Amino acid sequence: MKLFYKYIPGLLPTANESRFFTNKEPSPTNNHCCLQGSETYIFNCNRWLAKNEDDNAIVRELVADKVVDETVRKDGTVKTREKERKDTLVAKTYNVSVFTGDVSGGGTDANVFLTIFGDKGDTGERKLAKSETHTDKFERGNEDRFVIEAVDLGNLYKVRIRHDNALFSPAWFLDRIEVKDNMIGDVTTFHCERWLGKNKADGKIDRVIYVKGYEGDMSSTSTMHSRMAGSVASIDSLRSGDPFSRSPRVSRSQLEEIPEGPTIPYTVKVVTGDEKDMGTESSVWIRIIGPKQKQTGKLSLDLAQRKRFEPSSIETFSVEAADVKDIKKIELGIDSLSAGEGWFVKEVEVDMPTKGKHVYFSCKAWLARDKADGKTSRVFTLNDGDTATTVSYRPSVPYEVTIHTGDIAGAGTDSQIFMKVFGANGCTSDIVLEKQGERFERGRADLIKIPIEDIAPLKKLRIGHDGKGDRQDWYLEKVEMRNIDTGDLTVFNADCWFSATKDDKKICRDLVAMVKRKPQLHVTTYKVYVKTSDLTGASTSANVFLVIFGENGDSDKLHLKDSESNKSPFKNDQLDLFTFSDMLSLGQLVKARVWHDNKGFGSAWHLTHIEVEDCGTGQKYMFPCNRWLSTSDDDNQVCRELSCANLSSPGTKEKIEYEIEVTTTDKKEGGMAHNAWLILEGDQKKSKVFFMENSAQNKILRRGQTDTFTMVTRNLGQLEKCNLGAVQRDDKPLEDGSGHDRQWHCHQVVVTNKRSGDRYTFPCKAWIDIHHKVKQEYAKVLKVHDVQESKLTTVRNLGTVKYEVMVVTGDVRGAGTDANVFIILYGTHGDTGKRQLQQKGRDLFERNRTDKFVIEAIDLGDLVKLQIEHDNSGFGAAWLLDRVEVNNMATNQQWVFPCGQWFDKKKGDEQICRELLPRN
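In this note's numbering, the protein residues as written are 2 to 921.
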């Protein structure tokens, strides 16, 4: 059989024809001076297109074998010639091996369809009808082979596989697909290791699978989930080449109005009104405006997972756009001009994580041609009285986080991944990495942009999963975190299972930070001694847990389960020993949090003290308690935070490392090529002379430069003075002369005690003479101007504080909940950890009720946020939280955390856990 296609100038091919044929002849512009003619393309086939013949295929891809050119001469005769083909496409055969997983019920009787994609095109969807290996296709543990003929696809990078959910048992567990290019012999493997079944896992029967290492656009990737937000739809970074951006595309007209300049991330949350007619299917856009009319341009808020803005819905979008410096107003609009397609916007929130600002706009306005004043766009400003407020918090730094899932069988997971980052300047709260599309699948490297607090340098990463979902095991190879601003790369190697059934059965781990292949923490062993008091009834049968806090973060939850010194732990007047090996060092310990689960008969417990020994350093830390952990004794608390009682300053003979930063001013001739020296004086001791040596290879102390040095000396105590001088180099004698040729202009010296973290600033801002030798009398004496205590030093000196927490439930039908509610308070000095809000004999969190609770913790400082959630248990779990108020009972300082949102998996943004910021 032959297929003919004739091209006649002036007659355009149809859309379907244009897929197969391309005419390269120019269209005639003047029929009087051009010859008329045609081209005939001949496609040979000589194959069956039948379900019961040949290979049962009813789709063939044909390559043009001949092109015949017919030209009409002026005398009316026709000239026929065969054109030479220079770019003839190559027809290939691909062997496709489909491996069904060896799991119970893994086979399917449904019809299976496959599309193969390469950088030169795709096969179109093909039904996998005739297996060369099995009559009964796609059965458990089998390999089925198929042959697909197609025009050369080039380098293969993805496949789409689906079934039609037909017949009795359609659910199918696909292990992998292997595609062999028979012409060159290359085999490309696409790992799946997932169910395709409406009653299995995520319910999908259609999957797109990428080859390992593919770095192009993958629609399953997006930004992280935020507990301050709802369903997250990502918008393209408008000038980003990020191949992992999930978002819908922005139109050319929108791109043309995007202002020039640097971009920053924004998070935009919009709340739709509650009435039935207040939602919209219209396209929604926002413009963010700053001082001097600096603005982002129109940003389209395209829904990624829904078709419309539903009534009462909360939708959240991650946007990267021009930096407006400070938000002054927003313009919000819809593109529809039709009646009945308007939108009632209740509230808009815009967050600038890298600026540390969160702006609330209470809108309560129609955007509709046929509602109110007929406007389809409105401007909302910060000057509109109580309708707009700004909350400031600690700014974040943008990071690119790449999660590398291992390339071994069963490595992918359906569980929810979370992580927490620890640095020298604090730690983040838990960051949830949503399982979106094909994230965290075998051999994948998933890149996610995450703004986190500026806690660098990074020390460790805590990462794990919730152990839920159809596939609860995960093999993590490594995590890479790159600071987008500085380019600094930190690597956290894992190469292990996160599984409750494999290896050491852990689903959460602490990974050490590696910077230039150097670990930032060492491994140690901790021995924990727990002393129960001798009071009557002091022992407990409850499960006891401990978290230890130090300068390098916390230990995570430690279950004090198996006592090495006694058969049954926590008996009256008993000392129990627990050992925890291979832990990342916490450095100097500052506090401990201990609690029990209040289970078992006789759960009340009177704890005398806890002592922790760091076996690596031999240092012991005492945490006195002498309190009940009981719901019926003392103040009814089952959780205690304990301060370290034996934190002593290092002795005068102990060696301390000091980091010295010397800044040379930017004045003309302010730098020098000679050496500097200094002597530090503290309240306990004075250091020896410390030299900062210049050379041709080590050019320091130059104009506008900051140089860093390390000095190790005996403990000097609290620093008070810095004697700073300059001396000529031996290989570069001072020349005769005067003035700035023989001087150096220093701006300041900053000294950090690496043991305590305390930072001392010594301003200079003066010319220092360069001398031939070092003498104390030649030095410029700098006095300490500012001392910044480290977080470690601050926490050491804090006491215990009680916080009154008032939870106000909303006043609408069904607002109350029967679920268990939990809260975490976050302050400048730390957090409380997760605490359950409970009281004996009270029905809590009912409609229009205020419930009061007391939480005891080490002084948190100024509260910056809280996290509140429920466990979705009980008959009526849905809950409308109006607000939370927190009072420091020692100082009477108060914070109000407005909410006004549902905690319900079926309402609003379907979240049951939120982070709330305080508002004035």
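Every residue gets a Cβ at the ideal spot worked out from N, C-alpha and C, and that includes glycine. No experiment lies behind these values; they were computed from the predicted model shown.
| task | Could you tell me the distance, in whole angstroms, from the CA atom of Ser301 to the CA atom of His746? | result | Here residue 301 refers to the residue found at position 300 of the sequence shown. Here residue 746 refers to the residue found at position 745 of the sequence shown. Straight-line Cα distance between these residues: approximately 53 angstroms.
| field | Proximity to Thr403 [Cα-Cα], best of His359, Thr491, Leu459, Gly375 | value | As a working note, residue 403 is residue 402 in the sequence shown. That would be Thr491, whose Cα lies nearest to the Cα of Thr403.
| With C-beta atoms as the reference, is Pro266 less than 9 angstroms away from Thr355? | On the sequence shown, position 265 is the one that residue 266 refers to. On the sequence shown, position 354 is the one that residue 355 refers to. Yes, Cβ-Cβ distance for Pro266 and Thr355 is below 9 angstroms.
| For Leu512, does the three-state DSSP call read helix, strand or coil? | Walking along the sequence shown from the start, residue 512 turns up at place 511. Strand.
| field | Spatial neighbours of Tyr761 in its chain, beta-carbon cut-off 6 angstroms, leaving aside the 5 residues before and after | value | Here residue 761 refers to the residue found at position 760 of the sequence shown. Counting only Cβ-Cβ distances below 6 angstroms, and skipping sequence neighbours, we find Leu720, Val752, Val785, Val788.
| Counted within 10 angstroms of its Cβ, other Cβ atoms place Pro919 as buried (16 or more) or exposed | Here residue 919 refers to the residue found at position 918 when the sequence shown is read from its first residue. Classification for Pro919: buried.
| task | Please name the residue, chosen from Val351, Arg163, Asn183, that lies closest to Pro171 on a Cα-to-Cα basis. | result | The count along the sequence shown starts at 1 and reaches residue 171 at position 170. Residue Arg163 is the option with its Cα nearest to Pro171.
| query | How many whole angstroms separate the CB atoms of Asn754 and Ile657, which I take to be in contact at a CB cut-off of 8 angstroms? | reply | Stepping through the sequence shown from its first residue, residue 754 is reached at position 753. Stepping through the sequence shown from its first residue, residue 657 is reached at position 656. The Cβ separation is near 6 angstroms, so the contact holds.
| said: In this structure, how does DSSP classify Leu656 when only helix, strand and coil are distinguished? | reply: Counting from 1 along the sequence shown, the entry for residue 656 is found at position 655. The question names Leu, but residue 656 in the sequence shown is Lys. Correct three-state label for Lys656: strand.
| query | Can Phe423 and Arg463 be called in contact, C-beta distance under 9 angstroms? | reply | Locating residue 423 in the sequence shown gives position 422, where the first residue counts as 1. Locating residue 463 in the sequence shown gives position 462, where the first residue counts as 1. Closer than 9 angstroms, so yes.
| said: Taking 8 angstroms as the cut-off, is the C-beta of Arg146 nearer than that to any heavy atom in the ligand SAH? | reply: Absence of the ligand SAH from the depicted structure is noted, as is the absence of any ligand whatsoever, leaving it without description.
| query | With distances taken from CA atoms, which of Asn716, Gln638, Val73 is nearest Cys626? | reply | On the sequence shown, residue 626 is found 625 positions in, with the first residue counted as 1. Ranking Asn716, Gln638, Val73 by Cα distance to Cys626 puts Gln638 first.
| task | Determine the contact status of Val887 and Gln895, defining contact as a CB-CB distance below 9 angstroms. | result | Position 886 of the sequence shown, counted from the start, is the residue given in the question as residue 887. Position 894 of the sequence shown, counted from the start, is the residue given in the question as residue 895. Their beta carbons are under 9 angstroms apart, which means Val887 touches Gln895 by this criterion.
| message | Excluding the 5 residues flanking Pro452 on each side, which residues of the same chain have their C-beta closer than 8 angstroms to its C-beta? | response | Translated into positions along the sequence shown, residue 452 becomes position 451. Once the five neighbours on either side are set aside, the close Cβ partners of Pro452 are Pro266, Pro354, Thr355, Ser397, Val398, Pro399, Tyr400.
| request: Please state if the CB of Val380 and the CB of Ile331 are separated by a distance shorter than 9 angstroms. | output: On the sequence shown, residue 331 is found 330 positions in, with the first residue counted as 1. On the sequence shown, residue 380 is found 379 positions in, with the first residue counted as 1. Cβ atoms of Ile331 and Val380: closer than 9 angstroms.
| query | Can you give the Cα-Cα distance for Ile206 and Leu129, rounded to whole angstroms? | reply | Start at 1 with the first residue of the sequence shown, and residue 206 comes out as number 205. Start at 1 with the first residue of the sequence shown, and residue 129 comes out as number 128. The alpha-carbon atoms of Ile206 and Leu129 are separated by roughly 15 angstroms.
| query | With distances taken from CA atoms, which of Gly617, Glu612, Lys450 is nearest Asn647? | reply | Mapped onto the sequence shown, residue 647 falls at position 646. Of Gly617, Glu612, Lys450, the residue nearest in Cα terms is Glu612.
| request: Would you kindly report the start and end of the unbroken beta strand (DSSP E) that includes Lys421? | output: In the sequence shown, residue 421 corresponds to position 420, counting from 1. Segment 418-424, the beta strand (DSSP E) holding Lys421.
| CA-to-CA distance, Arg288 to Asp237, given in whole angstroms | By 1-based counting over the sequence shown, the position of residue 237 is 236. By 1-based counting over the sequence shown, the position of residue 288 is 287. Residue placement at Asp237 cannot be trusted, given a pLDDT of 32 that sits under 50; the coordinates are not used to answer.
| said: How far does the beta strand (DSSP E) with Leu793 in it extend, from its first residue to its last? | reply: The count along the sequence shown starts at 1 and reaches residue 793 at position 792. No beta strand (DSSP E) holds Leu793; the alpha helix (DSSP H) holding it covers 792-797.
| request: State the Cα-Cα distance for the pair Pro570 and Ile210, rounded to the nearest angstrom. | output: Taking the first residue of the sequence shown as position 1, residue 570 is located at position 569. Taking the first residue of the sequence shown as position 1, residue 210 is located at position 209. Going from the Cα of Pro570 to the Cα of Ile210 covers about 52 angstroms.
| query | With burial defined as no fewer than 16 other Cβ atoms inside 10 Å of the residue's Cβ, what is the status of Val855: buried or exposed? | reply | Working through the sequence shown from its first residue, we reach residue 855 at position 854. Exposed: under 16 other Cβ atoms inside 10 Å.
| task | Using only alpha-carbon positions, find the residue among Ala340, Gln306, Gln294, Gly834 that is nearest to Asp324. | result | Along the sequence shown, read from residue 1 onward, the residue named residue 324 stands at position 323. Of the listed residues, the one whose Cα sits closest to Asp324 is Gln294.
| If you draw a straight line from the alpha carbon of Phe1000 to that of Gly334, how long is it in whole angstroms? | This structure gives no information on residue 1000, because the portion of the chain shown stretches from 2 to 921.
| Just to confirm, are Arg161 and Val60 a CB contact at a threshold of 9 angstroms? | For the purposes of this step, residue 161 is taken as residue 160 along the sequence shown, with counting starting at 1. For the purposes of this step, residue 60 is taken as residue 59 along the sequence shown, with counting starting at 1. The answer is no: Cβ separation not under 9 angstroms.
| said: So, with DSSP's three-state summary, where would you put Lys784? | reply: Sequence index remark: in the sequence shown, residue 784 carries index 783 (1-based). Looking at Lys784 - three-state DSSP - the assignment turns out to be strand.
| query | Going by C-alpha distance, which of Tyr527, Thr526, Gly470 is nearest Ala501? | reply | As a working note, residue 501 is residue 500 in the sequence shown. Nearest of Tyr527, Thr526, Gly470 to Ala501, Cα basis: Gly470.
| request: Compute the Euclidean distance between the alpha carbons of Asp182 and Phe191, then round it to the nearest angstrom. | output: Counted from its first residue, the sequence shown places residue 182 at position 181. Counted from its first residue, the sequence shown places residue 191 at position 190. Roughly 14 angstroms separates the two Cα atoms.
| said: Quick check on His523: does DSSP put it in helix, strand or coil? | reply: Counting from one through the sequence shown, the residue named residue 523 turns up at place 522. It is coil, neither helix nor strand.
| field | Span separating the alpha-carbon of Ser98 from that of Leu175 | value | In the sequence shown, the residue the question calls residue 98 occupies position 97. In the sequence shown, the residue the question calls residue 175 occupies position 174. Whole-angstrom Cα-Cα distance: 11 angstroms.
| With 16 as the cutoff for other CB atoms within 10 Å, does His359 come out buried or exposed? | Numbered from its first residue, the sequence shown carries residue 359 at position 358. His359 is buried by the Cβ-count criterion.
| Pair within 9 angstroms by beta-carbon distance, Trp606 and Ser540 | Residue mapping note: residue 606 aligns to position 605 of the sequence shown, counting from 1. Residue mapping note: residue 540 aligns to position 539 of the sequence shown, counting from 1. In this structure, Ser540 lies closer than 9 angstroms to Trp606 by Cβ.
| said: Just verifying my parser: in three-state terms, what is the DSSP assignment at His741? | reply: One-based indexing of the sequence shown puts residue 741 at position 740. Reduced to three states, the DSSP call for His741 is helix.
| message | If contacts are defined as beta-carbon pairs under 8 angstroms, then Leu338 and Arg307 qualify, I think. What distance do you get, rounded to the angstrom? | response | Within the sequence shown, residue 338 is the residue found at index 337, counting from 1. Within the sequence shown, residue 307 is the residue found at index 306, counting from 1. Rounded, the Cβ-Cβ distance is 22 angstroms, inconsistent with contact.
| said: Mapping the DSSP letters down to three states, classify Glu886 as helix, strand or coil. | reply: Walking along the sequence shown from the start, residue 886 turns up at place 885. Correct three-state label for Glu886: strand.
| query | From what residue to what residue does the beta strand (DSSP E) around Ile117 run? | reply | Residue 117 sits at position 116 when you count from the first residue of the sequence shown. First-last of the beta strand (DSSP E) with Ile117: 113-119.
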